[in-house]
DNA sequence: TTGTAGGCGTTATCAC
DNA sequence: GTGATAACGCCTACAA
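Chains as they are written, first to last, in full-length UniProt numbering: chain D, 1 to 339; chain L, 1 to 339.
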């Protein structure tokens, strides 16, 4: 008494079909595809021919289920609209693709809760490892990771607690660009911050430290808004800043979007940049070199971060390098006309 | 004689473990999670408690394998660095997430061969449907799709062959912005094109049609470069164009990046925009409203395209709406200072 | 409303 | 180098 045949997924061709067509057993097909050197050339050819003839596409689900390895890596980033993370993704992609791994992209929208939900959801795919943005995550998030024993690499920043991380010191970068403004003779240097994520707050900390060092920190020169940054917001914040503190003589914006909006507003208002007001951004996005005047900013090695983080994670997954590493890729000041 | 236990994936907690903890059978756990209304509240609570207590995360692989449905949708786009596609992705994401579907993102880098490889690779995940960018794909690509009987929706453009598509007429958009330049009194209107993908070529066709209509098409005013567009390229192309045809009085750039680079170069060279040379872009990216002078461009409903395309695909997957649709979401001219 | 039996497509393990 | 067998974790079909 046979039952109704079930619906088949994909084109319906299975490894057994290929095996039958090639006159071998299923396991030989599996080996011919995954460990070719373990199969004699003659059979290997037969198998490959059958694969092509039938249009066979292996089922990742079955493979994952049987082997307990998904050859998949989860990447969690705060935003897909930010070039910074796209460049990082591009770097990751090249490394993973070469190693035969695929990438699951999760966009947390800068929200720790959403990040946790994403992790939960994507854990269903049993990723072999995770690439994370930033060091701070919701407490249950870290628990989940541990519970599942998932190798993780933290990107964009540097930890000192033994976690594997690839990035640069956000704080030092913020301090460095602030010092540059000080060297230009500015003394009442303001800070425009949006989004207020972990990294922005560290840049702010660096800014404060540099100013304190020079004896000219002034809390009244900081303007912070938790909303996502945009050029419009940069323009608005510039208005607010100058209205509140007309004596302000420089602005460090937490990212280039803000800076470019502020710069455009300066143009409209006829404010002399950098003489009357110097402006600096962060990240060195494409428009920074093209706006008027060109924007002084901090170039960040985000593509390289993606590449190195992916390599480190693959090493952890393969068990090659059990020990965690801490990779500082640095940053570079791009000094242009706006300062 | 029992064998060695195999390595378990995930945290090692399976549906059976949950069932045992809750004192029910595995299938009841499955139903409590997937069709809650089919399980009595009492048992449902017990199950959910056990799920939480054990930190159970279902295995998508097992589910996919057993049900022949992956609840996964493949999205193929030409680039991750282009805001246009990111906005589309964002739209898709909201719809899919709400429906409990996950999205696999494939970046073809504007390359038909890579796109085919991506499809092959991602078919291993047995997606339930595909969202595609543009109408033209490699021939084996369409074969593969058919062979696997995959529901597909084509985004960004409009087909007339019964395929399900959501977008707007690239050609009409190109014609419309060209007509606007004609209305401004321009007669020697040039075209700057990069990337030269399907959509750029259609915008070019629209540009030609509009000029031919007005009796002033001039093939010597077209500058085309298959390399990816950038602001730098826009600046370089402006130089080349004016060197070759100093009589050129307007430029339609195939995208905003090019236009903004050209605009910036005009500023540097002291070329009066729009009096001496009008400039128009395409897509209405954020900087278009902020550059100097602000950029006339074509606003495209890309987020909405993502939303509607995802909805259409889900309908096809669920079998609600077997018939294909052709959804024209239109475009809008954004007339600003550069024309 | 709940449970039992069996199979989805692949790979690990152990024999030959 | 090749093959038989038994999992992997879940869901469909059917039965109670």
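Yeah, the Cβ is synthetic: ideal placement off N, Cα and C, and Gly gets one too.
None of these values were measured; they are calculated from a predicted model.
- Against chain L, the CB of residue 64 (chain D) has a partner CB under 7 Å away; the residue lies at that interface.
- In this structure, the beta-carbon distance from residue 135 (chain D) to residue 81 (chain L) does not fall below 7 Å.
- By the Cβ neighbour-count rule, residue 93 (chain L) is buried, with 16 or more other Cβ atoms within 10 Å of its own.
- Our two residues, residue 217 (chain L) and residue 269 (chain L), have alpha carbons roughly 27 Å apart in a direct line.
- Of L:124, L:163 and L:28, the smallest CA-CA separation from residue 142 (chain L) is found for L:163.
- Contact annotation for residue 125 (chain L) against chain D: 60 [CB-CB distance below 7 Å, chain order].
- Residues of chain L whose Cβ lies closer than 9 Å to the Cβ of residue 93 (chain D) are, in chain order, 80 and 107.
- Beta-bridge analysis with DSSP links residue 190 (chain D) to D:251.
- By a beta-carbon distance limit of 8 Å, residue 181 (chain L) contacts residue 250 (chain L). Their separation comes to about 5 Å.
- The three-state reading of DSSP puts residue 160 (chain D) in coil, since its state is none of H, G, I, E or B.
- In the structure shown, residue 133 (chain D) falls within a strand segment according to DSSP collapsed to helix, strand and coil.
- Residue 336 (chain D) is positioned such that its CB atom lies closer than 7 Å to that of residue 296 (chain D).
- Of all C-beta pairs linking the segment 115-126 of chain L to the segment 52-59 of chain D, three or more are shorter than 8 Å, placing the two stretches in contact.
- DSSP lists no beta-bridge partner residue for residue 291 (chain D).
- Straight-line measurement puts the Cα of residue 328 (chain D) at about 8 Å from the Cα of residue 169 (chain D).
- At a C-beta separation below 7 Å, residue 86 (chain L) has these neighbours in chain D: 80 and 81.
- Cβ neighbours of residue 43 (chain D) within its own chain (closer than 8 Å, five residues either side excluded): 22, 24, 28 and 32.
- DSSP places residue 39 (chain L) in no beta strand (DSSP E); its state is neither H nor E.
- Counting along the chain, the unbroken beta strand (DSSP E) around residue 224 (chain D) starts and ends at 222-225.
- Non-local beta-carbon contacts of residue 172 (chain D) in its own chain, meaning distances under 7 Å to residues more than five positions away in sequence, involve 206 in chain order.
- One alpha carbon belongs to residue 201 (chain L), the other to residue 71 (chain L), and they sit about 35 Å apart.
- Interface with chain D (7 Å Cβ-Cβ cutoff): residue 57 (chain L) is included.
- The Cβ atoms of residue 151 (chain L) and residue 167 (chain L) lie no closer than 7 Å to each other.
- Taking the Cα positions, residue 254 (chain D) is about 24 Å away from residue 138 (chain D).
- Excluding its 5 nearest sequence neighbours in each direction, residue 232 (chain L) has C-beta neighbours in its own chain below 7 Å: 261, listed in chain order.
- Counting the other CB atoms within 10 Å of its CB gives residue 35 (chain D) a total below 16, which places it among the exposed residues.
- Residue-level contact by beta carbon holds for residue 286 (chain L) and chain D, with a gap shorter than 7 Å.
- Between residue 310 (chain L) and residue 95 (chain L), the C-beta gap is smaller than 7 Å, which places the two residues in contact.
- Close to residue 121 (chain L), with beta-carbon spacing below 8 Å, are these residues of chain D in chain order: 102.
- Excluding the 5 residues flanking it on each side, residue 208 (chain L) has same chain C-beta neighbours closer than 7 Å at 217, in chain order.
- CA-CA distance, residue 104 (chain D) to residue 248 (chain D), rounds to 45 Å.
- Taking CB atoms only, residue 297 (chain L) has no neighbour in chain D less than 7 Å away.
- Here residue 204 (chain L) carries a helix assignment [DSSP, helix/strand/coil].
- Residue 100 (chain L) is not a Cβ neighbour of residue 76 (chain L), given a cutoff of 7 Å.
- For residue 240 (chain D), same chain residues with a beta-carbon under 7 Å away, outside a window of 5 residues either side, are 223 in chain order.
- Here DSSP, grouped into helix, strand and coil, assigns residue 28 (chain L) to helix.
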